[in-house]
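Asks:
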DNA sequence: AGGATTTATCTTGATGTCGAGATACTCTAG
DNA sequence: CTAGAGTATCTCGACATCAAGATAAATCCT
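Protein chains in written order, with UniProt numbering: chain A, 1 to 165; chain B, 1 to 165.
#1: Cβ of residue 137/A within 9 Å of Cβ of residue 156/B?
#2: Is residue 102/A near residue 122/A, with beta carbons less than 9 Å apart?
#3: How long is the line joining the alpha carbons of residue 48/A and residue 42/A, rounded to whole angstroms?
#4: Taking three-plus beta-carbon pairs below 8 Å as touching, is the region 20 to 31 of chain B in contact with the region 127 to 134 of chain A?
#5: Taking its Cβ as the centre, do 16 or more other Cβ atoms sit within 10 Å of residue 153/B, making it buried, or is it exposed?
#6: For residue 46/B, collect the residues of the same chain with a Cβ closer than 8 Å to its Cβ; drop the 5 residues on either side in sequence, then sort them by chain order.
#7: Assign residue 162/A to one of two classes, buried (16 or more other C-beta atoms within 10 Å of its C-beta) or exposed (fewer than that).
#8: Along chain A, in chain order, which residues have C-beta atoms closer than 7 Å to that of residue 15/B?
#9: Let's test the definition: count the other Cβ atoms within 10 Å of the Cβ of residue 165/B and tell me whether it reaches 16, buried, or not, exposed.
#10: Check whether the Cβ of residue 25/B lies closer than 9 Å to any Cβ atom in chain A.
#11: Please list the partners that residue 148/B has in chain A, where partner means a Cβ-to-Cβ separation under 9 Å.
#12: Measuring alpha carbon to alpha carbon, tell me which residue in 91/B, 110/B, 82/B, 59/B is nearest residue 128/B.
#13: Have a look at the DSSP bridge pairing and note the partners of residue 100/B.
#14: Which chain A residues sit within Cβ distance under 7 Å of residue 31/B?
#15: From what residue to what residue does the alpha helix (DSSP H) around residue 38/B run?
#16: Could you please give the first and the last residue of the uninterrupted alpha helix (DSSP H) stretch that includes residue 108/A?
#17: Could you check whether the Cβ of residue 121/B sits closer than 9 Å to any Cβ belonging to chain A?
#18: With 9 Å set as the bound, which would you pick, yes or no: does the beta-carbon of residue 5/B sit closer than that to a beta-carbon of chain A?
#19: Write down the C-beta distance between residue 15/B and residue 62/A rounded to the nearest angstrom, noting that I regard them as a contact closer than 8 Å.
#20: Under the assumption that residue 34/B contacts residue 31/A (Cβ atoms under 8 Å), give the Cβ distance between them as a whole number of angstroms.
#21: Distance, Cα to Cα, residue 85/A vs residue 160/A?
#22: Measure the alpha-carbon distance for residue 77/A versus residue 105/A and round it to whole angstroms.
#23: At the 9 Å Cβ level, is residue 86/B part of the contact set with chain A, yes or no?
#24: Taking only beta-carbon atoms, is residue 8/B less than 9 Å away from chain A?
#25: Just grab the DSSP bridge partners of residue 70/A for me.
#26: Under 8 Å between beta-carbons, which chain A residues line up against residue 128/B? List them in chain order, please.
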């Protein structure tokens, strides 16, 4: 069964028969699937009145474990955004009462961002929903194939994980 | 060998042992890899003074074949952006001399966007570079695995391809 | 033919992000 | 102890995007 990428590659092969476009068989599909997953995620979070970017921050704090407290700097690394963006995100999450800013007792330059109870409840509920939805998406793929593909993707991601140290 | 997603999932399993997070073994890696690919793409295009979004539009026109001419509406569907975005993109590409707007002789509401020679040269060079770079990224994956993973990804994307229209 | 609906594109205002720079504090070397 | 380098966070301006609405033209229906 054909998909959009098959059509895309067919067009390129017609127009540029000199190029070998097979890398796109994998990588274009990764990009397109990721775009679709983003939209699906947004929809899953809508039921919990969370934006994707809100979930990203809350989830990083939740994963950190009690007392659900991280520095903005640490949050940057977890969420791969810049410092200006994180300031903005924390501002909005604090305004919604999902996190609060605490002064870092060990470094007066620093700040700690901590999940409130409401924030924890929100992220826990959203996470359960997200996983349920993702399980549906993967429904047609055998566990064996899922494990295989996860292994290949791990190899593909590794060079990038390494370069940022 | 571990990657960032392994660490992520380990944290979730510690904090929420009640949840089954295995869907993320595949889907989180897809999302993260896509983000890395975006950055890599941007870098590859830098040598040609193209932004990713510029390439997306030029590539859609290039794929269409001579005379490299599409309506804005058609470009929306190819690039998955909104009409306001496309107006903006075409404006900028026209200002750079990479495309030009022509009136549609068959529909006076309509416009046709056409690649200039400079636009065609730019996208052809960028495409060759992009593929070279992508081939490097996939270097460690056997052709057999690439074909396998492409097949699984095609299945995962299909539901999304279907739902639009 | 004429009025209503649909279609194609552009305009506008809001949003989230980035990147560069500012500020305040900490650490290190001498 | 202090000067300089380094670090953590925030501020600000620019930018690409989206969503909703405006405009204009084509198409449909009676």
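Cβ coordinates follow ideal geometry from the N, Cα and C atoms, glycine included.
Replies: For this structure:
#1: Taking the first chain and counting its residues from 1, the one referred to as residue 137/A is at position 137. Taking the second chain and counting its residues from 1, the one referred to as residue 156/B is at position 156. Against a cut-off of 9 Å, the Cβ pair of residue 156/B and residue 137/A comes out as a contact.
#2: Residue mapping note: residue 102/A aligns to position 102 of the first chain, counting from 1. Residue mapping note: residue 122/A aligns to position 122 of the first chain, counting from 1. Taking 9 Å as the Cβ cut-off, residue 102/A and residue 122/A do not qualify as a contacting pair.
#3: In the first chain, counting from the first residue as 1, residue 48/A sits at position 48. In the first chain, counting from the first residue as 1, residue 42/A sits at position 42. The alpha-carbon atoms of residue 48/A and residue 42/A are separated by roughly 10 Å.
#4: yes
#5: Counting from 1 along the second chain, the entry for residue 153/B is found at position 153. Buried, because 16 or more other Cβ atoms sit within 10 Å of the Cβ of residue 153/B.
#6: Looking up residue 46/B in the second chain gives position 46. Here the set comprises nothing.
#7: Along the first chain, read from residue 1 onward, the residue named residue 162/A stands at position 162. Exposed, because fewer than 16 other Cβ atoms sit within 10 Å of the Cβ of residue 162/A.
#8: Within the second chain, the letter at position 15 stands for residue 15/B. Ordered by position in chain A, the residues that pass the 7 Å Cβ test against residue 15/B are 62, 63, 65.
#9: Residue numbering aside, residue 165/B sits at position 165 when the second chain is read from its first letter. Unreliable placement is indicated for residue 165/B, whose pLDDT of 47 sits below 50; no coordinate value is reported for it.
#10: By one-based count along the second chain, residue 25/B stands at place 25. Cβ-Cβ to chain A under 9 Å: yes for residue 25/B.
#11: Within the second chain, the letter at position 148 stands for residue 148/B. By Cβ distance, chain A contributes 145, 148, 149, 152.
#12: What you label residue 128/B is simply residue 128 of the second chain in a count that begins at 1. Nearest C-alpha to residue 128/B among 91/B, 110/B, 82/B, 59/B: 59/B.
#13: Counted from its first residue, the second chain places residue 100/B at position 100. Answer by DSSP bridge pairing, in chain order: 114/B.
#14: Taking the second chain and counting its residues from 1, the one referred to as residue 31/B is at position 31. What residue 31/B touches in chain A: 34, 37.
#15: Indexing the second chain from 1 puts residue 38/B at position 38. Where residue 38/B is concerned, the enclosing alpha helix (DSSP H) stretches over 23 to 46.
#16: Start at 1 with the first residue of the first chain, and residue 108/A comes out as number 108. No alpha helix (DSSP H) holds residue 108/A; DSSP gives it neither H nor E.
#17: Here residue 121/B refers to the residue found at position 121 when the second chain is read from its first residue. The Cβ of residue 121/B sits no closer than 9 Å to any Cβ of chain A.
#18: Translated into positions along the second chain, residue 5/B becomes position 5. With 9 Å as the cut-off, residue 5/B counts as an interface residue toward chain A.
#19: Numbered from 1 along the second chain, position 15 holds the residue referred to as residue 15/B. Numbered from 1 along the first chain, position 62 holds the residue referred to as residue 62/A. About 6 Å; that satisfies the 8 Å criterion.
#20: Locating residue 34/B in the second chain gives position 34, counting from the first residue. Locating residue 31/A in the first chain gives position 31, counting from the first residue. Their Cβ separation, rounded to whole angstroms, is 5 Å, which keeps residue 34/B and residue 31/A in contact under 8 Å.
#21: On the first chain, position 85 is the one that residue 85/A refers to. On the first chain, position 160 is the one that residue 160/A refers to. Near 22 Å, if we compare the C-alpha coordinates of residue 160/A and residue 85/A.
#22: One-based indexing of the first chain puts residue 77/A at position 77. One-based indexing of the first chain puts residue 105/A at position 105. Their Cα atoms are separated by approximately 21 Å.
#23: Counting from 1 along the second chain, the entry for residue 86/B is found at position 86. Closer than 9 Å: no.
#24: Indexing the second chain from 1 puts residue 8/B at position 8. Yes - at least one Cβ of chain A is within 9 Å of the one on residue 8/B.
#25: Residue mapping note: residue 70/A aligns to position 70 of the first chain, counting from 1. Answer by DSSP bridge pairing, in chain order: 113/A.
#26: Here residue 128/B refers to the residue found at position 128 when the second chain is read from its first residue. In chain order: 19.
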